[in-house]
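Chemist: Note that the protein sequences, when read in sequence, are chains A and B.
Numbering of the first sequence is given in the working numbering, commencing with residue 1 and proceeding in unit increments.
Numbering of the second sequence is given in the working numbering, commencing with residue 363 and proceeding in unit increments.
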Amino acid sequence: MSRLLRVELRRLWARQITRWACVGVLALAAISGLAVYLSAPPPSAQEVANAQEMFAADQEAWETDGEQQVASCEADAEAEGRTPEEWGCDQMAPRLEYYLPPTQTFVPDATQQELMFGAEEVDADDDATAAAVEEIRGSVWNGWAGLASLDDVAVLLVLVALVVGVSFVTAEINSGSLGMWLTFEPRRQRVYWAKAAAAALGTVPLVLVGFALLVAASYAVYASFGTLGGLTGAVWLEVAAFTGRLVAAGAALAAVGVALGVLFKHAAAAVGVVGVVAWGSLVFGFGLGELQRWLPTTALTAWLQGGSVFSTERCTPSADGVFECLPVDHVVTTTQGGLTLLAVTAVLTLLAALVFRRRDVS
Amino acid sequence: MSVPGGGDLAIETRGLRKTYRSARGRSVGVEGLDLQVPVGGVHGFLGPNGSGKTTTIRMLLGLVRPDRGTATIFGHEVPRRLPEVVGRVGAIVESPKFFPAFSARRNLRLLADAIGAPTGRVDAVIDEVGLTGRSKDRYKGYSLGMKQRLAIAATLLKDPDLLIFDEPTNGLDPAGIREIRQTMRGLADQGKTVLVSSHILAEVEQIADTVSIVARGRLVAAGRVADLVGAGSAARSVRLRVAAPDLTIATSVLETGGLLVRREHDALVVDGAADAAQVNRALGERGVWVHELTPLQADLESVFLGLTAHETPGGHTHKGGRTKRGGPPPEPAHAAAQAPISEGEA
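1) Here's the rule I'm using: 16 or more other beta-carbon atoms within 10 Å means buried, otherwise exposed. How should residue 350 (chain A) be labelled?
2) Let me check one thing: in DSSP terms, what residues is residue 262 (chain A) bridge-paired to?
3) In or out: residue 312 (chain A) buried (at least 16 other Cβ within 10 Å) or exposed?
4) What's the C-alpha gap between residue 329 (chain A) and residue 163 (chain A)?
5) Check residue 509 (chain B) in the structure and name its three-state DSSP category.
6) If you reduce the DSSP assignment to three classes, tell me which class residue 423 (chain B) lands in.
7) Taking the alpha helix (DSSP H) that residue 67 (chain A) falls in, what are its first and last residues?
8) Considering only residues of the region 376-459 of chain B, which uninterrupted beta strand (DSSP E) runs meet the minimum length of 3 residues and lie entirely inside it, listed in chain order?
9) Identify which residue in B:588, B:582, B:650 has its Cα closest to the Cα of residue 614 (chain B).
10) Just how far apart, CA to CA, sit residue 669 (chain B) and residue 189 (chain A)?
11) Which runs of the beta strand (DSSP E) at least 3 residues long sit entirely within the region 311-336 of chain A? Give them in chain order.
12) Give me the subset of the region 166-192 of chain A whose CB atoms are less than 7 Å from a CB atom of chain B, sorted by chain position.
13) List, in order along the chain, the chain B residues whose C-beta lies closer than 8 Å to that of residue 10 (chain A)?
14) Which word fits residue 99 (chain A), buried or exposed, when buried means at least 16 other C-beta atoms lie within 10 angstroms of its C-beta?
15) Among residues of its own chain, excluding the 5 on either side of residue 84 (chain A), which ones have a beta-carbon nearer than 7 Å to its beta-carbon?
16) Under the rule that 16 or more other beta-carbon atoms within 10 Å means buried, what is residue 250 (chain A), buried or exposed?
17) DSSP three-state call for residue 562 (chain B): helix, strand or coil?
18) Using a Cβ distance threshold of 8 Å, determine whether the region 120-140 of chain A contacts the region 421-434 of chain B, with at least three qualifying pairs required.
19) Check whether the Cβ atoms of residue 426 (chain B) and residue 432 (chain B) sit closer than 9 Å, and answer yes or no.
20) For residue 554 (chain B), return the contacting residues in chain A, with the cut-off set at a CB-CB distance below 9 Å.
21) Going by beta-carbon coordinates alone, are residue 570 (chain B) and residue 452 (chain B) separated by less than 9 Å?
22) When you compare the region 8-17 of chain A with the region 47-62 of chain A, are there three or more beta-carbon pairs, one atom per stretch, that lie closer than 8 Å?
23) Taking 8 Å as the limit between beta carbons, can you name the residues of its chain near residue 357 (chain A), skipping five residues before and five after?
24) Could you tell me the alpha carbon to alpha carbon distance between residue 203 (chain A) and residue 169 (chain A), rounded to whole angstroms?
25) Using the Cα positions of residue 519 (chain B) and residue 466 (chain B), report the straight-line distance between them to the nearest angstrom.
26) For residue 411 (chain B), count neighbouring C-beta atoms within 10 Å of its own C-beta (all shown protein chains included) and say buried if the count is 16 or more, exposed if not.
27) If you pair each beta-carbon of the region 216-226 of chain A with each one of the region 255-271 of chain A, do three or more pairs fall below 8 Å?
28) Between residue 556 (chain B) and residue 527 (chain B), which are expected to be in contact by the criterion C-beta below 8 Å, what is the C-beta distance as a whole number of angstroms?
29) With a threshold of 9 Å between beta-carbons, can residue 334 (chain B) be considered close to chain A, or not?
30) Answer yes or no: does any C-beta atom of chain B fall closer than 9 Å to that of residue 258 (chain A)?
31) Look at the Cβ atom of residue 183 (chain A), then the Cβ atom of residue 145 (chain A), and state whether they are nearer than 9 Å.
32) For residue 314 (chain A) and residue 322 (chain A), what's the separation of their Cα atoms in angstroms?
33) Mind pulling the chain A residues with CB within less than 8 Å of residue 427 (chain B)?
34) Which residue wins for smallest C-alpha separation from residue 624 (chain B), given the options B:601, B:608, B:607?
35) Am I right that residue 92 (chain A) and residue 69 (chain A) are in contact with their C-beta atoms under 8 Å? What's the rounded C-beta distance?
36) Find the nearest neighbour of residue 22 (chain A) within the set A:208, A:347, A:307, judged by alpha-carbon distance.
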């Protein structure tokens with residue numbers, strides 16, 4: 001490790017904003033744990049008893065007129081030209097899980113999710129894409145509770161890394177101390193790369209420890225409720241892989257923060273640009289059609305969650321001349337998302353390095 | 363400025379030029395500056411506000427990129443070969459700038475670590491500038507004088523051969539100004555070269571061995587202080603007092619003799635006399651008796667004002683290759699105002 005990088009790392013960790021970021025991450029983990037504790041308790045004995053009572057009553061009624069209801073369903077299906085299975089006639093019998101309150105688990109339960117939200121349709125052009133869509137949607141990061149709720153919070157950690165990176169250089173530029181620094185080390189390329197590397201490396205512990213605390217808090221709460229779900233070694237491996245990708249994303253965004261800080265010179269401007277890009281992507285992204293694939297937000301989601309699904313609309317004229325629009329699912333793989341992030345980071349970093357080398361320092 | 367025998371120069375610039383672009387056009391910061399700073403001693407870098415002093419210093423330190431011209435520090439071309447010589451240069455550009463939330467010690471430790479200076483050096487320079495008791499305080503709580511002292515401490519971390527101070531006494535109280543002045547003189551007496559830019563003439567005159575005067579980005583005079591002041595005194599001025607009723611007669615007598623006379627309160631100032639005796643003799647022959655006769659010594663300030671009287675601060679703006687005033691920049695007066703600096707004299 002170069003002397004300059006060591007110095008920059010020491011400066012990064014001595015900065016107030018880095019210390020506040022640590023406090024913020026601790027608070028985030030605590031609030032996240034509290035939120036899980038308040039929102040994910042398993043059904044009480046009374047709720048289970050009530051559900052069982054209602055189930056028993058409906059079961060009794062089903063035994064009386066169930067066959068008649070099925071027959072009626074099958075007749076309706078036939079009238080519509082569908083099979084009874086397509087019409088759901090085989091699913092009409094009461095089942096206890098329909099009556100029990102949903103139980104959130106540390107490892108998201110696909111069955112629970114389907115019961116709550118129904119099965120998501122896949123609108124892919126080919127089998128490979130359809131399989132990829134199903135795999136992504138079936139990931140532990142795409143449920144509605146437990147680990148799946150952590151990935152959204154984890155994005156905050158990489159944003160913290162970005163802000164730390166932005167502030168790392170803009171504070172130096174605005175205080176004028178960069179000029180003093182360059183009178184000690186005038187090789188600007190070295191100075192820039194040391195700053196970018198320090199931001200990238202220095203935020204690794206922040207993101208890593210932050211996410212570990214989030215997972216630990218969530219695990220502890222679910223374990224205390226006895227609702228860990230299907231926690232297997234494979235799930236822990238996926239958590240480890242996610243952590244690795246998160247740390248890499250945090251390092252990249254910290255370097256992006258340094259680059260934006262150099263390019264815009266003011267923290268508010270640099271963070272504002274990131275905010276506008278993120279907001280614009282979320283609000284207007286759908287209108288971009290297939291170009292959504294290249295949005296930084298799509299790439300970050302794909303990289304973190306092991307793939308991302310986005311939809312476009314395909315409109316075709318029907319026989320009566322009216323356009324009929326159907327959704328089409330597309331997949332951005334982890335690798336594609338990672339490469340896009342890498343490309344954005346590399347372009348911004350090289351541009352900033354060039355500007356840093358040429359710009360007059362006041 | 364000539365350096366007989368090609369003597370050692372700490373700093374040399376040739377045709378250095380820097381312009382700044384803005385919505386109003388192109389503003390010239392430095393216009394073809396030829397500067398020579400001999401090794402050793404204090405060299406005053408004088409000029410009105412906006413005359414290009416700070417821009418020149420920034421170019422020497424690689425903070426600003428010149429449009430044209432060359433600059434060397436101890437013979438090393440800068441900014442290209444600045445890394446080879448930066449260890450011998452300590453500089454404070456304008457006001458001291460450190461990380462506000464860090465203590466003085468932490469600020470210096472970071473700088474010391476960046477150049478590989480031993481930790482003990484930090485304590486030594488803090489002690490040297492008298493900040494030992496406050497070294498753990500945050501920089502943002504420092505007074506201007508303390509900030510200035512810390513900046514000097516930072517420059518000393520490298521134990522440099524050349525120290526560049528840009529307006530080092532701005533905002534300081536008289537005691538602080540004196541302290542900084544003594545520090546600079548002391549450093550020069552240790553054999554270091556001190557370049558101090560300032561627009562406060564009295565300050566520079568007291569400590570500088572040589573000076574360069576710039577105006578509108580160009581060198582207008584350079585040389586040893588004594589030589590410049592002497593050149594300014596070449597045409598003698600004399601202040602005299604006579605009895606009040608004789609003032610009019612004395613004025614008439616002297617003007618008739620081809621001298622320039624002006625009234626200063628109850629005295630007359632006579633310019634252009636060969637010496638005081640000529641004035642005394644002329645008046646005595648006409649029966650006007652002089653009560654007081656004082657030869658006036660030119661000071662650096664009068665030299666400076668004479669050279670820069672027509673210059674306006676803030677640089678000048680070109681549009682379409684012409685000055686805003688409608689003509690090219692004036693020719694520098696340095697050919698007439700330069701005094702030689704011989705090797706080893708400064």
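Backbone N, C-alpha and C fix where the C-beta goes; we use that ideal spot for every residue, glycine too.
Modeler: Let me spell this out:
1) Per the 10 Å Cβ criterion, exposed.
2) In DSSP, residue 262 (chain A) forms no bridge with anything.
3) Taking every protein chain shown into account, the CB of residue 312 (chain A) has 16 or more other CB atoms within 10 angstroms, so this residue is buried.
4) The straight-line gap from Cα to Cα measures roughly 33 Å.
5) It is helical.
6) DSSP places residue 423 (chain B) in coil when its eight states are reduced to three.
7) Where residue 67 (chain A) is concerned, the enclosing alpha helix (DSSP H) stretches over 45-79.
8) Qualifying beta strand (DSSP E) stretches, in chain order: 387-400, 403-408, 430-435, 438-440, 451-454.
9) When each option's Cα is compared against that of residue 614 (chain B), the closest is B:650.
10) When rounded, the separation of the alpha-carbon atoms in residue 669 (chain B) and residue 189 (chain A) is 42 Å.
11) For the region 311-336 of chain A, whole beta strand (DSSP E) runs of length 3 or above, ordered along the chain, are 323-332.
12) Those would be 175, 176, 177, 179, 180, 182, 183, 184, 185, 186, 187, in chain order.
13) Chain B residues near residue 10 (chain A): 472, 475.
14) Looking at its Cβ environment, which holds 16 or more other Cβ atoms inside 10 Å, residue 99 (chain A) is buried.
15) These residues qualify, in order along the chain: 73, 74, 77, 90.
16) Residue 250 (chain A) counts as buried, since at least 16 other C-beta atoms from the protein chains shown sit within 10 angstroms of its C-beta.
17) In this structure, residue 562 (chain B) counts as coil in the three-state DSSP scheme.
18) Because the criterion of three Cβ pairs below 8 Å is not met, the region 120-140 of chain A and the region 421-434 of chain B do not touch.
19) No. Outside cutoff.
20) The contacting residues do not exist; residue 554 (chain B) stays about 16 Å from chain A at best.
21) No.
22) Short answer: they don't touch.
23) Excluding residues within five positions, the ones whose Cβ falls inside 8 Å are 188, 189, 192.
24) Going by the C-alpha atoms only, they are around 14 Å apart.
25) Straight-line Cα distance between these residues: approximately 13 Å.
26) The residue is exposed, with fewer than 16 neighbouring Cβ atoms inside 10 Å.
27) The region 216-226 of chain A is not in contact with the region 255-271 of chain A.
28) 7 Å between Cβ atoms; contact.
29) There is no way to answer for residue 334 (chain B), as the model of chain B reaches only from 363 to 708.
30) Not closer than 9 Å to any Cβ of chain B, the Cβ of residue 258 (chain A) fails to qualify, so no.
31) Against a cut-off of 9 Å, the Cβ pair of residue 145 (chain A) and residue 183 (chain A) comes out as no contact.
32) Taking C-alpha positions only, residue 314 (chain A) is separated from residue 322 (chain A) by approximately 13 Å.
33) Ordered by position in chain A, the residues that pass the 8 Å Cβ test against residue 427 (chain B) are 358, 360.
34) Taking only the C-alpha atoms, the option nearest residue 624 (chain B) is B:601.
35) Correct: roughly 6 Å between the Cβ atoms.
36) Closest in alpha carbon position to residue 22 (chain A), among A:208, A:347, A:307, is A:208.
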